[in-house]
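Student: Letter by letter, the sequence shown follows residues 1 to 259 of the UniProt record's numbering. Each residue gets a CB set at the ideal place from its N, CA and C atoms; glycine is no exception.
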Amino acid sequence: MSVADLIDPIGNSDGAVTLLNAENWMQGRTLYGGASALLAYTHAIRKFTDLPPLRAAQIGFVAPVGADFELRSEIVRQGRNVTQLRSEVISDGKIALTAVWVFGTSRDPNAVYPSAPIGEGPGLPGASPAVDSRHPPSFVSNNFDVHYTADRQDAGKPVIRRWVRLKEPSNTDPISELVLMGDTLPPSAMRVMQRRGPLSSINWSFNVLDTEPVTRDGWWLVETASDHADQGYSSERLRLWNADGKQMLSGIQAVAIFG
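#1: Provide the residue(s) that pair with residue 205 in DSSP beta bridges, ordered along the chain.
#2: Within this structure, are the beta carbons of residue 149 and residue 165 separated by less than 8 Å?
#3: Just how far apart, CA to CA, sit residue 6 and residue 154?
#4: Quick check on residue 67: does DSSP put it in helix, strand or coil?
#5: Indicate whether residue 27 and residue 139 have their beta-carbon atoms separated by less than 8 Å.
#6: How big is the Cα-Cα spacing for residue 83 and residue 54?
#7: Output the distance between the C-alpha atoms of residue 231 and residue 258, rounded to the nearest integer angstrom.
#8: I'd like the list of long-range same chain contacts for residue 89, defined as Cβ closer than 7 Å, with 5 residues on each side in sequence excluded.
#9: Per DSSP, residue 18 is paired with what?
#10: Taking the alpha helix (DSSP H) that residue 23 falls in, what are its first and last residues?
#11: Can you round the beta-carbon distance between residue 159 and residue 225 to whole angstroms, since I take them to be within the 8 Å contact cut?
#12: Quick one: Cα of residue 157 to Cα of residue 191, how far?
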């Protein structure tokens, strides 16, 4: 199931949706978080077509999202420059995902401070070997090429950085691809867990740093890094760069750690 096939059933009005071959994007009992977020984002921009570029989002992963659900979106506030829009994915009559999208027009900058370039540490995309995980989630093995970076981290350090690209080009707008790709990696706290156990993303907030993101050969550099893990939770930073080391996305996520 390609990205185009995934979002093809999404219309421009609120209502029920059924995905065909949704199992290709499943992560356990639910759609992979980036895919769920993309469904909500796609509904928002198809229902409201005259929006400025996406600048930020706050997404809550409330409950599992399967192949059958309802979508609804509404404008919360539309100002001179910024429009805030809320989307919800409804499963079995209850909210399964809730998202607030922030769209904003460009203005003459009163502050300019570019994000730091990533440097040469990760190496060239695709130059390092593919990740040799024995049991990758099915949505990863079905849809993504994932390669190690040249600067592989020590096993005891809660940082995961990988080169990632779609196996099949998405043929969507670039922002949609960022929404899909930004949550690809597992939480980095798994690298410092004392016992094996499941992890679950609770939310994901991100800022879009470049509203016209481009990369080479489909490769993006994705990173998760735990700032703090204790009492069954981890606070994770999620970042994404293009193949030339320019940062495209900056985010944070709360993760539940079980076991």
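Tutor: Inspection of the coordinates gives the following:
#1: Paired residue(s): 58, 252.
#2: The beta carbons of residue 149 and residue 165 sit no closer together than 8 Å.
#3: Looking at the two C-alpha atoms, the distance is approximately 36 Å.
#4: If DSSP states are grouped into helix, strand and coil, residue 67 belongs with coil.
#5: Yes, these two residues count as a Cβ contact at 8 Å.
#6: Across the structure, residue 83 and residue 54 are spaced so that their CA atoms are roughly 9 Å apart.
#7: Distance between the alpha carbons of residue 231 and residue 258 is about 10 Å.
#8: Excluding residues within five positions, the ones whose Cβ falls inside 7 Å are 36, 39, 40, 65, 69, 71, 96, 97.
#9: Per DSSP, 68.
#10: Secondary structure note for residue 23: it is in no alpha helix (DSSP H), with a DSSP letter that is neither H nor E.
#11: With 8 Å as the limit, residue 159 and residue 225 qualify as a contact, their Cβ atoms being about 4 Å apart.
#12: Looking at the two C-alpha atoms, the distance is approximately 7 Å.
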